[in-house]
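Chemist: Protein chains in written order, with the numbering used here: chain Y, 1 to 128; chain X, 129 to 256; chain Z, 257 to 384; chain L, 385 to 512. The C-beta atom is built at its ideal place from N, Cα and C for all residues, glycine as well. Small disclaimer: the values here were computed from a predicted structure and weren't measured.
Number of protein chains: 4
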Amino acid sequence: MRLPIAISEQSAEPLYYQIEVQLRALIISGSLQAGTLLPSIRELASQLKCSVITIKRVYSDLEAEGLLRTKQGTGTYVSHVEKESREEQKHSVVNEAIDQLLEAAERVQCTKQELEMLLKEKLQHYEP
Amino acid sequence: MRLPIAISEQSAEPLYYQIEVQLRALIISGSLQAGTLLPSIRELASQLKCSVITIKRVYSDLEAEGLLRTKQGTGTYVSHVEKESREEQKHSVVNEAIDQLLEAAERVQCTKQELEMLLKEKLQHYEP
Amino acid sequence: MRLPIAISEQSAEPLYYQIEVQLRALIISGSLQAGTLLPSIRELASQLKCSVITIKRVYSDLEAEGLLRTKQGTGTYVSHVEKESREEQKHSVVNEAIDQLLEAAERVQCTKQELEMLLKEKLQHYEP
Amino acid sequence: MRLPIAISEQSAEPLYYQIEVQLRALIISGSLQAGTLLPSIRELASQLKCSVITIKRVYSDLEAEGLLRTKQGTGTYVSHVEKESREEQKHSVVNEAIDQLLEAAERVQCTKQELEMLLKEKLQHYEP
DNA sequence: GTGGTCTAGACCACC
DNA sequence: GTGGTCTAGACCACG
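#1: Evaluate Leu-407/L with the Cβ neighbour count: other Cβ atoms within 10 Å of its Cβ, from every protein chain shown; 16 or more gives buried, anything less gives exposed.
#2: DSSP three-state call for Lys-71/Y: helix, strand or coil?
#3: Verify the CB distance criterion: does Pro-512/L have a CB-CB separation below 8 Å to chain Z?
#4: Applying the criterion that 16 or more other CB atoms from any shown protein chain within 10 Å of the CB defines a buried residue, is Ala-281/Z buried or exposed?
#5: Smallest Cα separation from Ser-92/Y: which of Ser-60/Y, Gly-75/Y, Ser-29/Y and Leu-119/Y?
#6: Would you tell me roughly how many angstroms separate the C-alpha atoms of Gln-394/L and Ala-481/L, rounded to the nearest one?
#7: Under the three-state reduction of DSSP, which class applies to Tyr-126/Y: helix, strand or coil?
#8: CB Asp-189/X to CB Glu-148/X, shorter than 8 Å?
#9: Are Tyr-205/X and Leu-195/X touching if we call contact CB-CB under 8 Å?
#10: Under 8 Å between beta-carbons, which chain Y residues line up against Gln-328/Z? List them in chain order, please.
#11: Please list the residues of the region 286–314 of chain Z that have a C-beta atom closer than 8 Å to any C-beta atom in chain L, keeping them in chain order.
#12: Mind checking the region 100–114 of chain Y against chain X and listing, in chain order, the residues whose C-beta falls within less than 9 Å of any C-beta there?
#13: Quick check on the burial criterion: 16 or more other C-beta atoms within 10 angstroms. Buried or exposed for Ala-262/Z?
#14: Name the chain X residues whose beta carbon is nearer than 8 Å to that of Lys-83/Y?
#15: Could you tell me whether the Cβ of Leu-22/Y comes closer than 8 Å to any Cβ of chain X?
#16: Confirm, please, whether the CB-CB distance from Lys-346/Z to Val-492/L is below 8 Å.
#17: List the residues of chain L whose Cβ lies closer than 7 Å to the Cβ of Leu-374/Z, in chain order.
#18: Ile-265/X versus chain Y: which residues are under 8 Å apart at the beta carbon?
#19: Give the straight-line distance between the Cα atoms of Tyr-401/L and Ala-360/Z, rounded to the nearest whole angstrom.
#20: Does the distance from the CB of Ala-418/L to the CB of Ser-463/L come in under 8 Å?
#21: Verify the CB distance criterion: does Ala-153/X have a CB-CB separation below 8 Å to chain Y?
#22: Quick one: is the Cβ of Ala-12/Y within less than 7 Å of any heavy atom of the ligand ADP?
#23: Output needed for Met-1/Y: all residues of its chain with C-beta closer than 7 Å, excluding positions within five of it in sequence on either side, in chain order.
#24: Just confirm the distance between the C-beta atoms of Leu-48/Y and Lys-250/X, as a whole number of angstroms; I'd bet it's less than 8 Å.
#25: Leaving out five residues on either side along the sequence, give the residues of the same chain with a beta carbon under 6 Å from the beta carbon of Ile-41/Y.
#26: Please classify Gln-165/X as buried or exposed, where buried requires at least 16 other C-beta atoms within 10 Å of its C-beta.
#27: Compare the beta carbon distance of Pro-384/Z and Lys-455/L with 8 Å and say whether it is the shorter of the two.
#28: So, with DSSP's three-state summary, where would you put Val-221/X?
#29: If you reduce the DSSP assignment to three classes, tell me which class Leu-421/L lands in.
#30: Would you check if the distance between the CB atom of Lys-94/Y and the CB atom of Cys-238/X is smaller than 8 Å?
#31: Considering just the uninterrupted stretch of the alpha helix (DSSP H) at Glu-177/Y, what are its terminal residues?
#32: Ends of the alpha helix (DSSP H) at Val-21/Y?
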């Protein structure tokens, strides 16, 4: 199985973090259904051309968040999460991003009007 | 002179980065006028209770960006930046933050409608 | 790996600057191919008998110029720079030095003839 | 008396050094004849809009080089230097600049041919 | 193992 | 007084 995850060499974000964000999104969005068996650590590491240790960290982190579940000797599965809970998490991810946007805007003293204008323009091309 | 800069011990962001972001914002927003003499590195270090070297790094980085100008034996000054250029930088900072928001939303497959709803709610409390 | 860099205690030039100039030259000249893994900051520091921080500064500065690329936990690599761009940079380095020469000559009112004579003499021994 | 000296705020060169280089050139080139009374420290400082301490340093340095001569209570004069000696110094100033050029060229592995080409081009516009 | 950050403290150059 | 450089040494994050 091949996960639709891409890592950027250019980005300053640490490898493990780039992967976590994308895998988390796949689960929260429902693209990966509950119970799905993820690729093994070694397999994913080889797919993404990164260290096994990095993938291990990703799986551990997401397991700690309750999104994944590891069964000894079988592999790592997507946990069963209520649809409502998934919606909640989705909103919380987006809300966090919004907060960061507002912080940045506030720091450079961007007026509400300016901010709305810039947002409107960008939102036009938003095609999820 | 006392710069309105606050640093958070909790934040995972490195010290120097927190300070850079805020000082950059003060300049771009025009709160600090061109030609303003900034506090000496030693003074600011003592104000923010951090090492002289950390402040030195902040000033150097911002000088490399062209926002500051330091003269040895004299002090560090805010560079003269065109108002239009400031506006541009302001918008580019905000647009970057917007891009990150849209990326996050897209990843969790947030619909345009949902996103607009969440934005609308948060924007109500935006008071720059 | 051992970089052919020599530092002079006599020179008034700061340590970090001496190293930067030489490493930059190695890259621009193509002596170090794109993708080459440089020695770790600790290793180079020990080779050149200077502080780790000094090397760190060198690598950071050259990274800011786009000549190097560092990946945390991995190491520091020579960036891929177009051959034409390298030629350009080479010429720009030399042209800058020529400008400084002409300025100096002009200041002491050295005639074109004198200058050419002195140049001719020195150029005889130029063996790159 | 007004010396034709200009200082650049942009330059990274220290103030005292910029002034020294120019004043030295005025003397070596013969633009300032032996015996000429230079402006007082305070006067020159006010002309160049810099600190008295900076000019004091310039005069001291050039006096140490034997180019100037200070008489208590009267002022600072241009020393009498043999014409041949002046020529020598002129050449030594220029030769030093040439050496720096060659070093830079060598570092980036500029071939003799390339160097000569760049030099020829620049020399065309040399009008002392 | 790698680089990233931060500290305290020193000494120097400049104005 | 200012900034500029450099040190030794520590601790953390990443792979």
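Modeler: Reading off the structure:
#1: So Leu-407/L counts as buried.
#2: DSSP, reduced to helix, strand and coil, places Lys-71/Y within a strand of the structure shown.
#3: For Pro-512/L, the answer is yes, since a Cβ of chain Z falls inside 8 Å of its Cβ.
#4: Buried, since its Cβ has 16 or more Cβ neighbours within 10 Å.
#5: Closest by C-alpha distance to Ser-92/Y, out of Ser-60/Y, Gly-75/Y, Ser-29/Y and Leu-119/Y, is Ser-29/Y.
#6: Their backbone Cα atoms lie some 21 Å apart in a straight line.
#7: Correct three-state label for Tyr-126/Y: coil.
#8: Taking a C-beta distance under 8 Å as the contact criterion, Asp-189/X and Glu-148/X qualify as a contact pair.
#9: Contact flag unset, no.
#10: Within chain Y, the C-beta atoms nearer than 8 Å to that of Gln-328/Z come from Pro-14, in chain order.
#11: Residues passing the 8 Å Cβ filter: Gly-286 and Ser-287.
#12: If the cut-off is 9 Å between Cβ atoms, the region 100–114 of chain Y has Gln-100, Leu-101, Leu-102, Glu-103, Ala-104, Ala-105, Glu-106, Arg-107, Val-108, Gln-109, Cys-110, Thr-111, Lys-112 and Glu-114 near chain X.
#13: Using a 10 angstroms sphere on the CB of Ala-262/Z, the tally of other CB atoms stays under 16, which defines it as exposed.
#14: The CB of Lys-83/Y never comes closer than 8 Å to any CB in chain X; the least such distance is about 13 Å.
#15: It should be noted that the sequence gives Gln, not Leu, for residue 22/Y. Yes, contact with chain X.
#16: The answer is yes: Cβ separation under 8 Å.
#17: Per Cβ cutoff of 7 Å: His-475, Val-478, Asn-479 and Ile-482.
#18: A query on residue 265/X cannot be resolved here, the shown segment of chain X reaching from 129 to 256 and no further.
#19: About 13 Å.
#20: It is a contact, given that the beta carbons lie within the stated cut-off.
#21: Interface residue (Cβ-Cβ distance to chain Y less than 8 Å): Ala-153/X is classified as such.
#22: The ligand ADP is absent from the structure shown, which contains no ligands of any kind.
#23: Same-chain partners within the cutoff: Pro-39.
#24: Leu-48/Y to Lys-250/X, Cβ: 34 Å. No contact.
#25: Around Ile-41/Y, the same chain offers Val-52, Ile-55 and Lys-56 as residues with beta carbons nearer than 6 Å, after the five sequence neighbours per side are excluded.
#26: Sequence inspection shows Leu at residue 165/X; the Gln mentioned does not correspond to that position. Per the 10 Å Cβ criterion, exposed.
#27: Contact flag unset, no.
#28: Assignment of Val-221/X by DSSP, reduced to helix, strand and coil, places it in the helix class.
#29: Strand, per DSSP.
#30: A small correction: the amino acid at residue 94/Y is Val; Lys does not occupy that position in the sequence shown. For Val-94/Y and Cys-238/X, yes; Cβs fall inside 8 Å.
#31: Outside the shown range of chain Y (1 to 128) lies residue 177/Y, about which nothing can therefore be said.
#32: Residues 15–28.
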